[in-house]
Amino acid sequence: MSHQLTRRQILHLATASAAGLGLAACGSGGSAGGTDGADGDSGKITVWSWTTAAEALRGVVPSFERDNPGIEVDVQDVGNPAIWDKITVGLASGGKGLADVLHIGVDYLPGYLEKFPEGLADLSRLGADRHKDAFVAGLWPTVMGKDRAVHALPWEVNPLGLFYRHDYFEKAGVDPASVTSWDDLIAAGPKIRAATGAQLLGLDKPGTTQDMDFFQNLMQLQGAFYFDAEGRVTLASPQAVQALTVIKRLNDAGLLADTAGQGTWKRLVGQGKLATAPYPAWAIEYLATKFPAQSGKWRVMQPPAAVPGGGRGAVVNSTYLTVSATSKRRKAAWRFIEYALTKPTEINRMFASGGVFPALRSAYADPRFSAPHPFYGGQQVLRSFVGSLDSGSGATNFTGDYGRALKLAADAQSQVLIKGADPAEALKVAAGQLARQTGRQQAA
Amino acid sequence: MSLAPSESAPAGAVAAATGAPAGRGVCRRPGSPGPGRARPGHGRLLTRASVPYLLIMPAVLGFAIFKAYPIAASFWISLTTGNGDARRFSGLANYRRLLDDPLFWTALKNTALILVVQVPLMLGLALLVALGLNSTKVWLRPLWRLGVFVPSLTGLVAAGVMFSVILNHDAGLLNWVLSLFGVDRVNWLGSPFWARVGVVLVITWHYTGYNAVMYLAGLQGIPKELYEAAMVDGAGPVRRFVSITLPQLRPILLLTVVLSTIGTLQLFDEPYVLTGGGPDNATLTVTMYLYNNGFKYFDFGYASALAYALALIVSVLGILQVRLMGERR
Chain A
42 MSHQLTRRQI
52 LHLATASAAG
62 LGLAACGSGG
72 SAGGTDGADG
82 DSGKITVWSW
92 TTAAEALRGV
102 VPSFERDNPG
112 IEVDVQDVGN
122 PAIWDKITVG
132 LASGGKGLAD
142 VLHIGVDYLP
152 GYLEKFPEGL
162 ADLSRLGADR
172 HKDAFVAGLW
182 PTVMGKDRAV
192 HALPWEVNPL
202 GLFYRHDYFE
212 KAGVDPASVT
222 SWDDLIAAGP
232 KIRAATGAQL
242 LGLDKPGTTQ
252 DMDFFQNLMQ
262 LQGAFYFDAE
272 GRVTLASPQA
282 VQALTVIKRL
292 NDAGLLADTA
302 GQGTWKRLVG
312 QGKLATAPYP
322 AWAIEYLATK
332 FPAQSGKWRV
342 MQPPAAVPGG
352 GRGAVVNSTY
362 LTVSATSKRR
372 KAAWRFIEYA
382 LTKPTEINRM
392 FASGGVFPAL
402 RSAYADPRFS
412 APHPFYGGQQ
422 VLRSFVGSLD
432 SGSGATNFTG
442 DYGRALKLAA
452 DAQSQVLIKG
462 ADPAEALKVA
472 AGQLARQTGR
482 QQAA
Chain B
7 MSLAPSESAP
17 AGAVAAATGA
27 PAGRGVCRRP
37 GSPGPGRARP
47 GHGRLLTRAS
57 VPYLLIMPAV
67 LGFAIFKAYP
77 IAASFWISLT
87 TGNGDARRFS
97 GLANYRRLLD
107 DPLFWTALKN
117 TALILVVQVP
127 LMLGLALLVA
137 LGLNSTKVWL
147 RPLWRLGVFV
157 PSLTGLVAAG
167 VMFSVILNHD
177 AGLLNWVLSL
187 FGVDRVNWLG
197 SPFWARVGVV
207 LVITWHYTGY
217 NAVMYLAGLQ
227 GIPKELYEAA
237 MVDGAGPVRR
247 FVSITLPQLR
257 PILLLTVVLS
267 TIGTLQLFDE
277 PYVLTGGGPD
287 NATLTVTMYL
297 YNNGFKYFDF
307 GYASALAYAL
317 ALIVSVLGIL
327 QVRLMGERR
């Protein structure tokens with residue numbers, strides 16, 4: 042094969058490429074002016090969401106279209122995680138091809154607001170501020186951009202609870218009311234294991250899925266996170282070290298099962314090999330539908346504190362509806378968001394159909410929140426989650442660098458669990474890398 | 007878009023090759039009538055010189071828009087930091103950061119390890135398989151050929167998902183089979199060492215057949231007379247393999263080595279699905295790290311710098327391989 046090009050060939054190639062580049066440049070230059078949105082108040086709006094949430098949103102459409110003639114809503118199930126690539130690419134290309142309404146999780150929203158400050162519409166201008174106190178505490182800072190304007194409305198909030206096998210606790214002679222901190226649970230763990238053969242909980246030890254919820258929860262219970270409110274790195278803070286130390290102690294005591302691999306957690310729970318599950322509210326119906334054979338055996342309590350005497354409330358995550366700034370029908374889109382997220386009847390309808398736990402406080406007055414749940418032996422499970430929301434948890438600052446923090450924390454956790462590293466050391470290295478990669482300061 | 011540059015070499019070569027006949031068409035002899043005959047309107051557009059250009063136009067346009075433009079744009083992006091609306095020029099900062107980034111070196115080391123261990127293993131295996139398939143003494147040859155080739159038709163993600171089930175620690179097929187022989191369960195995806203072995207296993211499963219079929223084609227192109235002559239001279243099977251088969255296969259060996267090297271350096275789907283790059287970055291590859299930076303951390307500047315670093319490494323390795331293994335003239 043000859044890779045030698047003649048001078049003429051190179052010239053032709055260069056000319057052709059230059060022509061192509063010129064064309065491409067014309068293309069982007071020509072349409073740049075046309076990407077600005079408009080405040081249209083009628084017509085068809087599209088909504089991007091995923092799976093059960095999309096299904097739930099569709100349930101709102103008939104009444105919304107009845108109450109808002111002239112607006113037509115098309116809810117599209119883009120799928121998760123595909124939706125993040127789609128939104129990211131859309132925002133990076135100046136908002137081209139985005140839907141009018143976008144459903145965004147708290148793990149992405151601050152990143153989008155930080156990196157694409159012009160990407161999501163200013164909802165304060167459309168009157169969003171009047172809903173400031175309608176939602177549970179701690180969420181509002183997340184919806185604000187650097188411009189102090191509101192760019193999203195909270196939809197879903199996932200308060201943390203500790204699901205536990207009531208029958209196992211009873212068999213081991215452990216009184217659930219006596220468990221107020223993870224110290225208590227670590228002390229009770231061997232008794233439960235001896236009596237039932239079950240380990241306390243499961244964790245993806247090699248970190249294949251980068252599911253760091255448990256570590257995050259243990260930090261959130263202490264009012265801490267990867268970053269502080271000013272955006273400084275706190276991954277090596279005493280709270281973070283405490284969180285990882287709890288995980289290490291669970292592991293060292295043989296109370297932590299490895300749930301890496303698809304379906305492993307489900308199988309272990311199905312076989313009765315896990316005694317607890319620290320999960321948010323969505324797990325209420327998940328457990329009930331996946332493990333009907335275990336009906337009556339599970340209960341829920343407020344999560345144990347990460348340090349003895351510490352706080353027992355944490356918001357695991359939350360999701361939001363936003364309007365893309367390039368939407369031609371921003372007013373119509375806002376009308377839909379406001380309708381779906383601030384009316385207790387609508388939001389509870391979505392809760393019933395899609396299991397999306399509402400962030401809207403007035404929704405909790407509904408009788409369903411105090412209904413006894415047969416799967417949990419008649420316990421008023423929802424009430425206990427609402428109660429933990431009331432006990433208050435600080436806002437968590439995910440920042441635009443959450444993805445990096447998550448990755449580095451997952452690495453540190455696998456180092457501790459697989460290679461026996463020291464939590465403080467592993468986190469110190471991780472925090473140093475996080476600061477260097479993101480150009481952020483480390484908190485003192 | 008930043009994933010494109012590493013493919014630039016083959017794409018560029020294709021465009022250059024298709025450009026060649028067009029170049030010849032331009033040199034029209036003075037005074038030649040041209041194919042336009044006497045119809046002025048058509049004569050302008052469809053000349054002997056222009057037709058080749060028109061024929062290659064779709065390919066060149068496609069290359070310009072989907073390859074050349076992203077390649078150029080991502081080079082520009084690699085010289086900037088900040089994101090979205092707040093991008094600004096930062097010179098070589100991203101490249102300097104690259105040299106100082108432990109994760110980049112980890113990813114590069116992992117990739118190199120897979121390259122050094124997996125590529126020779128796979129190509130050796132493929133050659134053995136090809137020799138077997140080429141033997142006239144084998145029954146049902148078309149069936150075996152099909153069976154060997156089929157894995158490479160499987161979607162990469164599907165293969166990854168399938169192997170994540172097979173390699174599952176508690177309920178996986180492989181551990182079950184091992185247990186039949188009294189071997190302890192292996193934590194395939196949970197320990198850094200075995201996770202690498204797992205990834206090597208998947209890639210080998212996926213691409214061995216593909217390479218074997220290429221070798222098979224090469225083997226069948228070797229003239230029988232060479233072997234007959236060698237046998238007359240008293241050469242045994244090993245001698246025939248070393249002195250005839252290998253030298254005759256040299257062009258194809260080179261092709262598969264270069265293609266496998268490029269493929270390994272761009273390794274993404276299998277570890278992405280199988281291990282997510284873990285545990286503790288044991289299977290993080292350069293392209294995975296690139297993807298994370300671009301599409302998870304929105305750091306397109308750094309991701310583009312990674313892409314250019316990778317393209318550079320691929321080119322250097324490719325040139326080296328061609329120099330070392332290519333025909334001596």
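Line by line, the protein sequences give chains A and B. Letter by letter, the first sequence follows residues 42 to 485 of the working numbering. Letter by letter, the second sequence follows residues 7 to 335 of the working numbering. Glycine included, each C-beta is placed from N, C-alpha and C at the ideal position. Computed from a predicted model, the values in this text were never measured in an experiment.
For the stretch 449 to 462 of chain A, the residues whose beta carbon sits under 8 Å from a beta carbon of chain B are, in order, 451, 452, 455, 456, 459, 460. Among the residues facing chain A, residue 221 of chain B is not included, as its CB has no counterpart in that chain under 8 Å away. Inter-residue distance for residue 267 of chain A and residue 186 of chain A is about 19 Å (C-alpha atoms, whole angstroms). Taking a beta-carbon distance threshold of 8 Å, residue 247 of chain A counts as an interface residue toward chain B. Inter-segment contact for the stretch 159 to 174 of chain A and the stretch 328 to 343 of chain A is absent: fewer than three beta-carbon pairs are separated by less than 8 Å. Your pair residue 191 of chain A and residue 169 of chain A checks out as a contact, with CB atoms roughly 4 Å apart and the cut at 8 Å.
Between residue 217 of chain B and residue 109 of chain B, the beta carbon gap of about 31 Å keeps them out of contact (Cβ cut-off 8 Å). By alpha-carbon distance to residue 136 of chain B, the top candidate from B:93, B:163, B:221, B:179 is B:221.
Contiguous alpha helix (DSSP H) elements confined to the stretch 179 to 223 of chain A occur at 181 to 184, 207 to 213, taking only those with 4 or more residues. For residue 474 of chain A, the chain B residues whose C-beta falls within less than 8 Å of its own C-beta are 108, 109, listed in chain order. Under the Cβ distance rule, residue 78 of chain A does not count among the residues neighbouring chain B, no pair being separated by less than 8 Å. Assignment of residue 184 of chain B by DSSP, reduced to helix, strand and coil, places it in the helix class. Proximity of chain B to residue 280 of chain A at the Cβ level (cut-off 8 Å) is not reached, the minimal Cβ distance being about 23 Å. For residue 317 of chain A, the secondary structure class from DSSP, reduced to helix, strand or coil, is strand. Using a CB distance cut-off of 8 Å, residue 170 of chain B counts as an interface residue toward chain A. Shown here, residue 452 of chain A sits in a helix according to DSSP, grouped into three states. The way I'd put it, the stretch 257 to 276 of chain B does touch the stretch 289 to 308 of chain B; three or more beta-carbon pairs between them come closer than 8 Å.
Contact note: residue 250 of chain A reaches chain B through 282, using a C-beta cutoff of 8 Å and chain order. By the C-beta density criterion, residue 187 of chain B is exposed, having fewer than 16 other C-beta atoms within 10 angstroms. With contacts defined as CB atoms closer than 8 Å, residue 183 of chain A and residue 151 of chain A qualify as a contacting pair. Straight-line measurement puts the Cα of residue 65 of chain B at about 52 Å from the Cα of residue 255 of chain A.
The beta carbons of residue 200 of chain B and residue 208 of chain B sit no closer together than 8 Å. The contact set of residue 213 of chain B on chain A, defined by CB atoms closer than 8 Å, is empty, because the minimum CB distance reaches about 22 Å. By the criterion of at least three beta-carbon pairs nearer than 8 Å, the stretch 453 to 471 of chain A is in contact with the stretch 270 to 279 of chain A.
When DSSP reads this structure, residue 209 of chain B sits in no beta bridge, so it has no partner. Pairwise C-beta distances place the stretch 307 to 321 of chain B out of contact with the stretch 240 to 250 of chain B, as fewer than three of them are shorter than 8 Å. For residue 255 of chain B, no chain A residue has a Cβ inside 8 Å of its Cβ, as the nearest lies near 16 Å away.
With a threshold of 16 other beta carbon atoms within 10 Å, residue 141 of chain B falls short and is exposed. When DSSP states are grouped into helix, strand and coil, residue 414 of chain A belongs to the strand group. Residue burial is scored here from C-beta neighbours: residue 257 of chain A has at least 16 other C-beta atoms within 10 angstroms and is therefore classed as buried. Any Cβ of chain B closer than 8 Å to the Cβ of residue 303 of chain A would place that residue at the interface, and such an atom is present. When 9 Å is used as the limit between beta carbons, residue 176 of chain B is near these residues of chain A: 299, 302, 305, 308, 309, in chain order. About 17 Å separates the CB atoms of residue 373 of chain A and residue 136 of chain A; that is not less than 8 Å, and the two are not in contact. Here DSSP, grouped into helix, strand and coil, assigns residue 105 of chain A to helix.
One alpha carbon belongs to residue 56 of chain B, the other to residue 138 of chain A, and they sit about 37 Å apart. Contact annotation: residue 142 of chain A and residue 388 of chain A have beta-carbon atoms that are not nearer than 8 Å.
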